[in-house]
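Each residue of the sequence shown is one higher than the one before, starting from 11 at the first, in this note's numbering. For each residue, glycine too, the CB sits at the ideal point set by N, CA and C. From a predicted model like this one, the values you see are computed outputs, not experimental measurements.
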Amino acid sequence: MKIRFPVLIFLMVFSIAADGLNWQLVETQFVNDVLGEGGRPPYEAIIAPDGSALAWGIRGREGGLCIYTFADATKTCTPWPEDYDRSGTDLVWSADSQFLAFTENFFLNFREPDLWTFEVSTSSFANRTQDNETDTIIDEAFDGLVDYLPFWNPADNGLYFFRSEKLADTYTLTLMRLNGEMAEMVRDLTSDLPQFGIFRRPAIDPGGQYIALPVAGRENRDPLNGVWLLNLENGDLNQIIRYDDFSEVVPEWVEKDVPVNIEHVQWAGSQGLVVFLYSGAFEATYGLINYYYFDLATEKLTPLFDFSGLNEPADMFQLDSEGQTPFSHFPRVGVVAPDGSAFFYVHYAEPRAEVRVSALPLPPGISEPQQIGFMETSQGLPDPHPSMAQNGTAYMFAYVMKFERQ
Numbered sequence: 011m012k013i014r015f016p017v018l019i020f021l022m023v024f025s026i027a028a029d030g031l032n033w034q035l036v037e038t039q040f041v042n043d044v045l046g047e048g049g050r051p052p053y054e055a056i057i058a059p060d061g062s063a064l065a066w067g068i069r070g071r072e073g074g075l076c077i078y079t080f081a082d083a084t085k086t087c088t089p090w091p092e093d094y095d096r097s098g099t100d101l102v103w104s105a106d107s108q109f110l111a112f113t114e115n116f117f118l119n120f121r122e123p124d125l126w127t128f129e130v131s132t133s134s135f136a137n138r139t140q141d142n143e144t145d146t147i148i149d150e151a152f153d154g155l156v157d158y159l160p161f162w163n164p165a166d167n168g169l170y171f172f173r174s175e176k177l178a179d180t181y182t183l184t185l186m187r188l189n190g191e192m193a194e195m196v197r198d199l200t201s202d203l204p205q206f207g208i209f210r211r212p213a214i215d216p217g218g219q220y221i222a223l224p225v226a227g228r229e230n231r232d233p234l235n236g237v238w239l240l241n242l243e244n245g246d247l248n249q250i251i252r253y254d255d256f257s258e259v260v261p262e263w264v265e266k267d268v269p270v271n272i273e274h275v276q277w278a279g280s281q282g283l284v285v286f287l288y289s290g291a292f293e294a295t296y297g298l299i300n301y302y303y304f305d306l307a308t309e310k311l312t313p314l315f316d317f318s319g320l321n322e323p324a325d326m327f328q329l330d331s332e333g334q335t336p337f338s339h340f341p342r343v344g345v346v347a348p349d350g351s352a353f354f355y356v357h358y359a360e361p362r363a364e365v366r367v368s369a370l371p372l373p374p375g376i377s378e379p380q381q382i383g384f385m386e387t388s389q390g391l392p393d394p395h396p397s398m399a400q401n402g403t404a405y406m407f408a409y410v411m412k413f414e415r416q
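As structure tokens, then:
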């Protein structure tokens with residue numbers, strides 16, 4: 011099916027210049043306009059690392075894996091394999107943009123998952139950890155392998171995932187790597203981290219040496235919760251951020267004893283991490299829910315959006331001289347530039363009819379955030395995993411955006 015690229019709806023372009031850093035947002039389109047379709051936009055779509063395509067999954071028996079190719083404006087959907095449970099889980103692109111990896115959604119339905127890959131050039135699926143268990147409910151009698159949460163090494167295109175296996179009254183936690191047709195153990199994490207304590211996707215640094223692991227045990231105050239750094243060369247594992255560290259860098263009025271999760275971790279080059287801390291108790295966690303920057307050299311954790319000048323939660327909604335509130339500057343979703351030099355994010359302006367796109371140079375402290383674009387109206391919605399390609403194409407808030415460095 012051939013789809014024509016529609017007229018751009020982007021209305022205005024700004025640029026950010028700070029200490030030699032220059033970025034422009036030159037295009038933005040609602041994803042349904044790109045696809046030429048109506049209805050609900052793809053919720054978990056992800057841009058290929060080379061910016062050539064957008065991929066997403068459609069759940070259910072009539073669903074499948076869809077890929078839109080920007081160069082020729084075509085969309086192809088391939089039905090899920092018969093022995094895949096179709097519950098859907100996050101897709102992850104290989105570093106060379108030739109494959110996608112995924113598993114059954116174990117954390118949603120507690121059915122036995124396998125590691126799957128999809129080859130773009132042949133539109134073919136492969137079960138890479140087939141163990142002859144299909145649609146099996148994981149209960150006390152289950153003794154199979156639980157393979158989940160795949161991710162790729164940007165340096166060598168290696169495919170990693172986690173494997174858990176029942177051992178007496180608990181489950182193991184092992185980092186695995188696919189080596190040809192075989193899965194090999196990289197590091198046993200059972201004695202280091204909580205059972206099933208990793209359920210948000212880790213991230214490997216651009217050099218391929220370190221994995222940032224977001225960890226969340228069953229208890230909110232588990233001292234093991236936070237971000238851990240695994241050295242792939244020597245196996246060293248260290249906790250670099252504790253949950254309590256977030257509480258220590260936010261204002262005194264912030265409610266701190268509430269359930270929070272690290273939603274995702276992104277590398278900012280090889281020198282820092284951008285960590286998104288989120289909670290379902292949103293109103294109770296104003297000032298704590300935030301994006302944070304962690305400097306690996308100084309081990310300093312810094313909120314990207316500073317609310318320390320406020321005296322109480324109600325101040326988040328006080329209008330300033332420009333008719334904006336502190337809350338209006340808070341990101342709805344954000345992504346790190348491919349070179350780690352900036353953080354791009356979407357936020358609402360007051361009144362909320364206008365949606366703005368802003369940029370914050372990294373590491374924080376170089377300059378204040380600057381608006382680089384806006385849309386008069388928004389049809390978008392936050393995505394769980396915003397993504398950005400090496401060529402500056404990004405997908406977030408259900409919009410395809412094109413950034414350029416000047």
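Per the DSSP calculation, residue i is bridged to which residue(s)?
{"i": "Asp-95", "result": "Looking at the DSSP assignment, Asp-95 forms no beta bridge with any residue, so it has no partner."}
{"i": "Glu-37", "result": "Lys-412"}
{"i": "Phe-304", "result": "Leu-283 and Leu-311"}
{"i": "Val-225", "result": "Gly-236"}
{"i": "Asn-244", "result": "According to DSSP, which records beta bridges pairwise, Asn-244 is partnered with nothing at all."}
How big is the Cα-Cα spacing for residue i and residue j?
{"i": "Glu-37", "j": "Val-367", "result": "11 Å"}
{"i": "Pro-51", "j": "Asn-248", "result": "39 Å"}
{"i": "Glu-258", "j": "Asp-43", "result": "44 Å"}
{"i": "Gly-375", "j": "Thr-312", "result": "10 Å"}
{"i": "Thr-180", "j": "Gly-73", "result": "35 Å"}
{"i": "Thr-86", "j": "Trp-66", "result": "11 Å"}
{"i": "Ala-165", "j": "Val-270", "result": "32 Å"}
{"i": "Tyr-158", "j": "Asp-330", "result": "47 Å"}
{"i": "Arg-197", "j": "Pro-361", "result": "50 Å"}
{"i": "Leu-136", "j": "Tyr-302", "result": "Checking the sequence shown, residue 136 turns out to be Ala, not Leu. One C-alpha to the other measures close to 37 Å."}
{"i": "Gly-61", "j": "Val-410", "result": "11 Å"}
{"i": "Arg-69", "j": "Asn-300", "result": "30 Å"}
{"i": "Pro-323", "j": "Leu-75", "result": "43 Å"}
{"i": "Leu-110", "j": "Asp-215", "result": "19 Å"}
{"i": "Val-41", "j": "Met-195", "result": "39 Å"}
{"i": "Asp-325", "j": "Tyr-170", "result": "44 Å"}
{"i": "Val-224", "j": "Pro-233", "result": "In the sequence under discussion, the amino acid at residue 224 is Pro, which differs from the Val named in the question. Rounded to the nearest angstrom, the two C-alpha atoms are 13 Å apart."}
{"i": "Gly-344", "j": "Leu-35", "result": "14 Å"}
{"i": "Ala-399", "j": "Asn-163", "result": "15 Å"}
{"i": "Thr-79", "j": "Leu-125", "result": "25 Å"}
{"i": "Gly-49", "j": "Thr-308", "result": "47 Å"}
{"i": "Lys-266", "j": "Asn-235", "result": "15 Å"}
{"i": "Asp-316", "j": "Tyr-288", "result": "16 Å"}
{"i": "Leu-188", "j": "Gly-168", "result": "7 Å"}
{"i": "Lys-412", "j": "Ala-58", "result": "13 Å"}
{"i": "Pro-396", "j": "Phe-161", "result": "15 Å"}
{"i": "Arg-252", "j": "Leu-101", "result": "28 Å"}
{"i": "Thr-184", "j": "Ala-347", "result": "31 Å"}
If I follow the unbroken alpha helix (DSSP H) through residue i, where does it start and stop?
{"i": "Tyr-253", "result": "253-257"}
{"i": "Asn-119", "result": "116-119"}
Residue i by DSSP, collapsed to three states: which one?
{"i": "Asn-189", "result": "strand"}
{"i": "Asp-410", "result": "Before going on, a small fix: residue 410 reads as Val here, not Asp. The answer is strand: DSSP assigns Val-410 an E or B state."}
{"i": "Val-196", "result": "strand"}
{"i": "Asp-6", "result": "Because the chain spans 11 through 416 in this model, residue 6 falls outside it and cannot be assessed."}
{"i": "Asp-369", "result": "This sequence places Ala at residue 369; Asp is not what is there. The answer is strand: DSSP assigns Ala-369 an E or B state."}
{"i": "Leu-45", "result": "helix"}
{"i": "Thr-295", "result": "helix"}
{"i": "Glu-339", "result": "A quick correction: the sequence has His, not Glu, at residue 339. His-339: helix per DSSP, three-state reduction."}
{"i": "Phe-327", "result": "helix"}
{"i": "Lys-266", "result": "coil"}
{"i": "Glu-129", "result": "strand"}
{"i": "Asn-401", "result": "coil"}
{"i": "Val-260", "result": "coil"}
Can you tell me whether residue i sits near the ligand ZN, meaning its C-beta is under 7 Å from at least one heavy atom of the ligand?
{"i": "Ala-226", "result": "This structure does not include the ligand ZN; it has no bound ligands of any sort."}
What first and last residue would you give for the beta strand (DSSP E) that runs through residue i?
{"i": "Val-343", "result": "343-346"}
{"i": "Arg-173", "result": "169-177"}
{"i": "Gly-333", "result": "Counting along the chain, Gly-333 falls outside any beta strand (DSSP E), and DSSP gives it neither H nor E."}
{"i": "Pro-361", "result": "Counting along the chain, Pro-361 falls outside any beta strand (DSSP E), and DSSP gives it neither H nor E."}
{"i": "Phe-317", "result": "Where Phe-317 is concerned, there is no enclosing beta strand (DSSP E), given that its DSSP letter is neither H nor E."}
Quiz item: Does the segment 285-296 come within contact of the segment 346-357, defined as at least 3 CB pairs closer than 8 Å?
Solution: A contact between stretches requires three or more CB pairs, one per stretch, nearer than 8 Å, and the segment 285-296 fails this requirement with the segment 346-357.
Quiz item: At a cut of 8 Å, does the segment 371-385 reach the segment 326-338 through at least three beta carbon pairs?
Solution: Result no; under three Cβ-Cβ pairs closer than 8 Å.
Quiz item: Would you say the segment 235-245 touches the segment 213-224, given that touching needs at least three Cβ pairs under 8 Å?
Solution: Yes: the two stretches touch, three or more of their Cβ pairs being nearer than 8 Å.
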